[in-house]
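Only one structure is covered here, and it is reproduced in the block below.
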Amino acid sequence: MSKRELDLLAQILTEPENENRSAEEVARRVIDALDDIRSTTHRLAVVGQIRYGPQEDRHTVVLGPFRSPLLLRDEERFQDALTRPCTAARDAGRHLAWDSRTGRGEGRFLLAPSFLRPRDAWDFYRPEKRADWQHITESIARWKPGLWAEEYTGR
6 MSKRELDLLA QILTEPENEN RSAEEVARRV IDALDDIRST THRLAVVGQI
56 RYGPQEDRHT VVLGPFRSPL LLRDEERFQD ALTRPCTAAR DAGRHLAWDS
106 RTGRGEGRFL LAPSFLRPRD AWDFYRPEKR ADWQHITESI ARWKPGLWAE
156 EYTGR
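Under the numbering used here, think of the first position of the sequence shown as 6, with each following residue one higher.
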């Protein structure tokens with residue numbers, strides 16, 4: 006566990022309100038809080054393709070999530086994270102190189118960002134809002150379109 010996770014765990018477990026909660030309620034609060042943290046820190050997936058032999062079909066597998074060395078906010082930050090070790094994820098991917106039981110086959114892998122919700126994926130790859138959006142938003146606010154509608158319907 007990270008220091009952040011341990012601090013959060015200690016904070017939840019020492020809350021005075023816990024005297025009025027059941028053990029299940031306290032456990033649920035801890036699990037939910039850890040899930041919230043890990044949804045932002047455990048963001049790497051290993052996507053691999055394995056094939057048992059030269060005439061066999063390729064199978065695609067996804068392993069993870071794994072902890073990222075950086076908080077992955079956007080695609081640029083993901084590229085920065087790939088320059089760091091990502092040890093657990095890379096070790097898992099390397100085990101896809103061949104079937105460890107038979108010593109045959111082949112595999113390859115890549116690291117990819119993982120998401121809990123489709124919206125997170127869209128937001129991750131969405132380019133930064135341009136200055137034009139700010140200008141448009143301010144212009145619309147100045148025009149007071151709601152007032153126009155009231156004036157128009159009032160006639």
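The beta-carbon is built from N, C-alpha and C at its ideal position, and this holds for glycine as well.
Same chain, Cβ closer than 7 Å to residue i, neighbours up to 5 away in sequence not counted
i, result
"W103", "R109, G110, E111 and G112"
"R34", "I17"
"T88", "none"
"G58", "R109 and G110"
Counterpart residues of residue i in DSSP-defined beta bridges
i, result
"P118", "L49"
"F161", "This structure gives no information on residue 161, because the portion of the chain shown stretches from 6 to 160."
"Q16", "Bridge partners of Q16: none, in fact."
"Q54", "T65 and R113"
Residue i, DSSP secondary structure in three states
i, result
"T65", "strand"
"G108", "coil"
"R33", "helix"
"R2", "There is simply no residue 2 to check, as the chain begins at 6 and stops at 160 in what is shown."
"R26", "coil"
"T88", "coil"
"R160", "In this prediction, R160 scores a pLDDT of 48, lower than 50, which makes its location untrustworthy; the coordinate-derived value is nonetheless stated afterwards. Coil, per DSSP."
"E143", "helix"
"P132", "coil"
"L11", "helix"
"L39", "helix"
"A102", "coil"
"P59", "coil"
Beta-carbon proximity check, residue i vs residue j, cutoff 9 Å
i, j, result
"L11", "T46", "no"
"L121", "A94", "no"
"C91", "S119", "no"
"I55", "L101", "yes"
Cβ neighbours of residue i in the same chain (closer than 6 Å, five flanking residues each side left out)
i, result
"R160", "At R160 the pLDDT is 48, less than 50, meaning the model places this residue with poor confidence; the figure from the coordinates comes in the next sentence. For R160, where only same-chain residues beyond five positions count, there are no Cβ hits under 6 Å."
"V52", "V67, L115 and A117"
"H64", "I55"
Cβ neighbours of residue i in the same chain (closer than 8 Å, five flanking residues each side left out)
i, result
"P70", "R43, H47, R48, L49, A50 and S119"
"E143", "none"
"T19", "none"
Contact belief for residue i with residue j at Cβ below 8 Å, rounded distance in angstroms
i, j, result
"N25", "V31", "Not quite, the Cβ-Cβ distance comes to about 10 Å (not below 8 Å), so this is no contact."
"F129", "E80", "7 Å"
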